[in-house]
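Following: one structure in structure tokens, then a few remarks.
In mature numbering (1 follows the signal peptide of the UniProt record, and there is no 0), the protein residues as written are -18 to -1, 1 to 172.
Okay, structure coming up:
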């Protein structure tokens, strides 16, 4: 009987720690210091991420941006979350197109360096972290925000803000960031 009670208490403790919450709940709790939710799985219960999934394309400042987003399960030592992982191809436009960046066909999510952070607090967008090629002395990583207006579901607006880390050394004059800083790019679903 004593062992049965211990087993029941252990199972109860495990079930209390193993809570699943929605992406929306996690986003609203993230920036609230009074929130004390205890969870180990942030799940896309409402299929909120589905609208971002697929291939998107747009042109900005002489460059064609093509992005492919997939929904995946991220699992780090028991802490799980549904997230979007991205792939990116950037090609210059004009008579002699040149590939600037391309990981569109990379099969390994951990090598794309473009993964989900979660929904925005207002639940109107999704944030991702991106790390591009980084020559010595340059900064090329930050947050990419994705937004889709419900009235135009085949159009996505992206906006990039770099992390603005401390630069060590001089960045070559020929270097340009993968994404333009604080500029909106409009993509169309393919």
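Don't be surprised by glycine CBs; every beta carbon is placed ideally from N, CA and C. Quick caveat, the model's predicted, so the values are computed rather than measured.
In the structure shown, the three-state DSSP call for residue 92 is helix. In the DSSP secondary-structure assignment, residue 161 is not bridged to any residue. The continuous beta strand (DSSP E) containing residue 137 extends over residues 137 to 144. In the three-state reduction of the DSSP assignment, residue 105 falls in the coil class, being assigned neither a helical nor a strand state. Fewer than three pairs of CB atoms, one per stretch, sit closer than 8 Å, so the stretch 41 to 48 makes no contact with the stretch 121 to 139. In the three-state reduction of the DSSP assignment, residue 30 falls in the helix class, which pools H, G and I. Contact between residue 42 and residue 167 holds, since their C-beta atoms are separated by about 4 Å, short of 8 Å.
Shown here, residue 12 sits in a helix according to DSSP, grouped into three states. Of all alpha-carbon atoms in 116, 132, 119, 110, the one lying nearest the alpha-carbon of residue 126 is that of 110. Residue 65 carries a strand assignment under DSSP once its states are collapsed to helix, strand and coil. Within the model, the alpha-carbon separation for residue 157 versus residue 85 is close to 18 Å.
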